[in-house]
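In what follows, a single structure is set out as structure tokens and then discussed.
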Amino acid sequence: MAFFVEVLVSGLLSGVLYAMVALGFVLIFKASGVFNFAQGAMVLVAGLALVRALGWLEPRAPFWPALMLAIAFSGALMTGIAWGVERFALRKLVNQTALTLFMATIGITFVLEGLGQQIFGAQVYKLDIGLPRESLFVLESVFDGGILLNQLDLWSAVLAALLVVALAVFFQRTQVGRALRAVADDHAAAQSVGIPLTRVWFIVWMVAGFVAIAAAAAWGSKVGVQFSLVYVALKALPVIIVGGLTSIPGAIVGGLLIGAGEKLAEVYLGTAIGGGIEQWFAYVVALLVLLVRPQGLFGDRIIERI
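Going by my numbering, the first residue of the sequence shown is number 2, and it counts up by one from there.
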């Protein structure tokens, strides 16, 4: 039983990391109706900016001020990217089809990847943001020997929880958040009541950039900042399919389900049907969800009038 709980908790904590990337997808789609394929590239660029700025500042300043300045630099860069995306890509595509906007984000992906490699380099960089990395044993009074957990994963879960709360308040309680939801429902209708579409797109891409910084900090601290972070977005796709493309809590729940499911499947089914289940398990689950509930567990049900 102790081993089962340990595998389950490890999977849940891995799922939190998937969910942090999925939040960027959900945020932009929920607020603008654009499926942003470039979210993985945004995580990569945010991580590269953070780690390279921290590497330059750390020898010249105390660690915590250096970290704050590095985060500020990353935030400024992501704000600049949001402005550039809106100014030179999305502004030209106002009221175009969803497919056109999606194809534009694919182009943005390759641009960001190329610029990131050109400016920051293509090496693997170690990122340390001051979070404890030691493992610890918990529930020793319940299970013999306790449950082994990684403190870095626990802090990542706390960061994800804070992000969800902040984004939920932003969308539900602020005037800007309500404007973002209106734009997502209908671009033309939102413009007709005076909501500036281009400004809304800039804001939502900027916020998604800040979420990408948090995801890059969590993933970079765990596996290092490297160009394989782009492919983390591919694992986030099943998460948003399961949770729902328009639901912020759904991204977290979907991440937890995928993370726990793939760890348990690898451990308990891997010996029977072969290893590598973690590589494809999430996509099988996503396919099953699409067959039963295409909008996801928490997504908005689509009602069409005929």
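From the three backbone atoms N, C-alpha and C, an ideal C-beta is built for every residue, glycine too. Keep in mind it's a predicted model, so treat the numbers as computed, not measured.
Straight-line gap, residue i to residue j (C-alpha atoms, nearest Å)
i    : j    : result
I214 : L140 : 33 angstroms
I29  : I204 : 10 angstroms
L155 : L14  : 7 angstroms
A32  : D145 : 48 angstroms
T110 : V233 : 13 angstroms
R88  : R200 : 10 angstroms
S11  : K223 : 14 angstroms
A161 : E135 : 20 angstroms
V177 : L102 : 22 angstroms
G195 : A183 : 11 angstroms
A209 : G117 : 18 angstroms
F121 : G221 : 15 angstroms
P60  : I242 : 44 angstroms
Q147 : G115 : First, the amino acid is wrong: residue 147 is Gly here, not Gln. Approximately 46 angstroms, taken between the alpha carbons.
A252 : S193 : 31 angstroms
V231 : G225 : 13 angstroms
F1   : I130 : Outside the displayed range of the chain (2 to 307) lies residue 1, so it cannot be described from this structure.
L181 : A190 : 12 angstroms
A20  : L246 : 12 angstroms
P133 : N96  : 47 angstroms
G260 : L113 : 28 angstroms
L289 : L58  : 48 angstroms
I219 : V159 : A quick correction: the sequence has Ala, not Ile, at residue 219. So the alpha carbons of these two residues sit roughly 11 angstroms apart.
Q152 : L18  : 14 angstroms
A62  : R53  : 14 angstroms
T175 : L163 : 17 angstroms
M69  : A39  : 26 angstroms
A167 : Y284 : 29 angstroms
A266 : A287 : 15 angstroms
Residue-level contact to chain C via CB, residue i, 9 angstroms cutoff
i    : result
I214 : Of the protein chains in this structure there is only one, and it is not chain C.
Nearest to residue i (by Cα), restricted to the options the options
i    : options                : result
L198 : F228, E279, V212, R179 : R179
G300 : F121, L288, I249       : I249
I107 : L149, P60, W65, A42    : A42
F228 : M21, A216, Y126        : Y126
A216 : V44, Y284, L91, V159   : V44
G255 : Q296, V268, V231, L270 : Q296
L24  : F4, A47, V240, L270    : V240
T98  : E279, T175, G34        : G34
I278 : V293, V165, G262       : G262
F138 : E267, A3, W206, G81    : A3
A105 : V86, L292, V268        : V86
Exposed unless 16 or more other CB atoms sit within 10 angstroms - verdict on residue i
i    : result
E258 : Here residue 258 turns out to be Leu, not Glu, going by the sequence shown. Buried.
E7   : buried
M79  : buried
W202 : buried
L100 : exposed
I37  : Here residue 37 is Asn; the residue named in the question, Ile, does not match the sequence. Result: buried.
L49  : buried
F282 : buried
K264 : buried
S75  : buried
W84  : exposed
A73  : exposed
F211 : buried
F26  : buried
L270 : exposed
L292 : exposed
A47  : buried
G81  : exposed
L128 : buried
S157 : buried
Residue i, enclosing beta strand (DSSP E) - first and last residue
i    : result
I148 : 148–151
L55  : Per DSSP, L55 belongs to no beta strand (DSSP E); it is in the alpha helix (DSSP H), 40–58.
V139 : 136–139
Any non-hydrogen atom of the ligand ZN closer than 8 angstroms to residue i Cβ
i    : result
I109 : Annotation note on the ligand ZN: not contained in the displayed structure, which lists no ligands.
N- and C-terminal bounds of the alpha helix (DSSP H) containing residue i
i    : result
L258 : 249–274
L235 : 233–244
I204 : 198–224
A90  : No alpha helix (DSSP H) contains A90, which DSSP labels as neither H nor E.
A32  : 3–33
G277 : It is not in any alpha helix (DSSP H) - G277 carries neither H nor E in the DSSP assignment.
V112 : 99–121
Practice prompt. Kindly confirm or deny that the region 234–244 and the region 163–176 touch, where touching means at least three C-beta pairs closer than 8 angstroms.
Written response: no
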